[in-house]
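Mapping of the sequence shown onto our numbering: residues 914 to 1203, in sequence order.
Glycine included, every Cβ here is placed at the ideal spot set by N, Cα and C.
The structure appears below as structure tokens.
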Amino acid sequence: MMEDVTDSPLPCLPPRVPESHKGDYGRVLLVGGSRGMAGAMGLAGMAALRSGAGLVTLLVPRSIQATVAGFEPSAMTLAAGSDPDRLGGNDAGAIRTAAEQATVIALGPGLGRAPETVRLVHTLNHHIDGPLVIDADGLNGLAEQSAQRQKPAGPRVLTPHPGEFFRLTGEPVVADKAGRAEQAARLCLQHGQGTVVVLKGHQTVICEGQKYAVNATGNPGMATGGTGDCLTGMIAALIGQGLSPWDAARLGVHLHGLAGDLAAAALGQVSMIASDLIRYLPEVFRGGAS
């Protein structure tokens, strides 16, 4: 039986000390993007920066590097070159080299679903031994070769919405919270020890196999493209600042929803877009994330 930890206090970021420098707050490497989907990486990068990451690098296909660099000058960019329009298996070596300098890696926003990209997802999942947040087409890549899926080399945070969860498991997401927690726990065990699953939706479930929490923030206005990319960047940034994957997922989901609630209160649910969440991250972090 799992322990329901919904009532446990949310984790906090440690206070920043005067002698600290940018390297103390995490080197986040975000891997993704493809032609036509540069915005996903832009949103993830901006969310990571606004969530306190010391350094953020966006590794993208060469054709979109300039576009991605234009979203936020505080982020660095790297281009992988085997295909100018998408990342693929031939880029695994360059990505693994870049990952050696990173505190945490996030994989998936805007990545695409070409066969060579699926191969890249499996290679990175199997070989990167640091924390890896996998979202969007990273999850779809895992699902494409589920029968041959190899165990991950390190801790993982998987952030599926119901459609991605179905592709990963073949199970439709059930309505009740306890049932969703059991489904998330099975995916944790299926993927490997050290996996945290964030099963997104109304009252998102965060599960670490033996324990789970249910998030209470957020609203239907967040059902718009790009909000999941923001969450990916946030969770990666929190891991980079020293939180465990479990704590980073819990706090990231809570603050992500809270930013959405503030945006909805100011703008209305219908007109909200993903970048509105980023605008409200400074307010939610001032209000109790540290």
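Look up residue i in the DSSP assignment and give the residues it is bridged to.
i	result
isoleucine 1047	Leu1020, Leu1071
valine 1109	Val1070
tyrosine 1193	For tyrosine 1193, which the question treats as bridged, DSSP gives no partner whatsoever.
isoleucine 1119	Val1111, Ala1126
methionine 959	DSSP, once it has assigned bridges, lists no residue as partnering methionine 959.
alanine 993	Pro974
serine 947	Arg999
valine 969	Val941
Going by C-alpha distance, which of the options is nearest residue i?
i	options	result
proline 1028	Arg1009, Pro1022, Gln1058, Ala1019	Gln1058
aspartate 996	His1035, Ala1005, Phe984, Ala988	Ala1005
leucine 1100	Thr1130, Ala1136, Ala1066, Leu1055	Leu1055
glycine 967	Gly1114, Asp1189, Gly1155, Leu1168	Gly1155
histidine 1074	Gly1105, Arg1163, Val1110	Val1110
glycine 1002	Phe984, Arg1026, Thr990, Glu985	Arg1026
alanine 1187	Ala1136, Leu1037, Pro924, Gly1153	Ala1136
isoleucine 1204	Gly1076, Val1034, Arg999, Glu1077	Nothing about residue 1204 can be reported from this structure: the residues present for the chain run from 914 to 1203 only.
leucine 923	Ala1177, Ala1172, Trp1159, Arg1093	Trp1159
glycine 1114	Gly1200, Leu1102, Ala1097, Thr1036	Ala1097
alanine 1210	Phe1078, Leu1037, Glu1095, Arg1199	There is simply no residue 1210 to check, as the chain begins at 914 and stops at 1203 in what is shown.
arginine 940	Gly1107, Leu1194, Gly1043	Gly1043
tyrosine 938	Gly955, Leu962, Gln1106, Met954	Leu962
threonine 1108	Ser1184, Ile1047, Gly1092	Ile1047
Given residue i, which residues of its chain have a CB within under 7 Å of its CB, disregarding the five upstream and five downstream residues?
i	result
glutamine 1182	Asn1132, Pro1133, Gly1134
leucine 942	Thr970, Leu972, Ala1011, Ala1012, Ala1015, Ile1018
valine 1127	Thr919, Lys1090, Gln1116, Val1118
leucine 1033	Leu1000, Gly1001, Gly1002, Asp1004, Ala1005
alanine 982	Thr990
leucine 1102	Gly1122
proline 1195	Arg963
What's the gap between the Cα of residue i and the Cα of residue j?
i	j	result
glycine 1139	cysteine 1120	23 Å
leucine 1112	methionine 950	23 Å
proline 1204	alanine 992	The requested residue 1204 does not occur in the structure, where the chain is confined to residues 914 to 1203.
alanine 960	arginine 1009	23 Å
glycine 952	glycine 946	8 Å
histidine 934	isoleucine 1041	26 Å
histidine 1082	glycine 1170	Note that residue 1082 corresponds to threonine in the displayed sequence, not to histidine. Straight-line Cα distance between these residues: approximately 26 Å.
arginine 1192	histidine 1167	16 Å
leucine 1045	alanine 1179	34 Å
alanine 988	alanine 979	12 Å
serine 964	threonine 1130	17 Å
proline 931	leucine 1164	24 Å
histidine 1104	leucine 1052	11 Å
proline 1065	glycine 1200	36 Å
lysine 1124	glutamate 985	37 Å
serine 1157	glycine 936	18 Å
threonine 1030	alanine 1007	14 Å
cysteine 925	phenylalanine 1198	10 Å
glutamate 1095	valine 1087	10 Å
threonine 1036	serine 921	36 Å
glycine 1092	glutamine 1106	21 Å
serine 1184	leucine 1024	26 Å
leucine 1020	arginine 948	16 Å
Suppose the cutoff is 6 Å on Cβ atoms and the five residues either side in sequence are ignored; what does the same chain contact list for residue i look like?
i	result
alanine 957	Leu943, Pro1022, Asp1142, Thr1145, Gly1146
alanine 1161	Ile1148, Leu1151, Ile1152
glycine 955	Val981, Phe984
glycine 994	Arg975
Excluding the five sequence neighbours on either side, which residues of its own chain have a C-beta within less than 8 Å of the C-beta of residue i, listed in chain order?
i	result
leucine 1190	Ala960, Met1135, Thr1140, Cys1143, His1169, Ala1172, Gly1173, Ala1176
proline 1085	Pro1075, Phe1079
histidine 1039	Gln1063, Lys1064, Pro1065, Ala1066
Tell me whether the region 1069-1077 and the region 1140-1159 touch, counting them as touching only if at least three CB pairs, one residue from each stretch, are closer than 8 Å. yes
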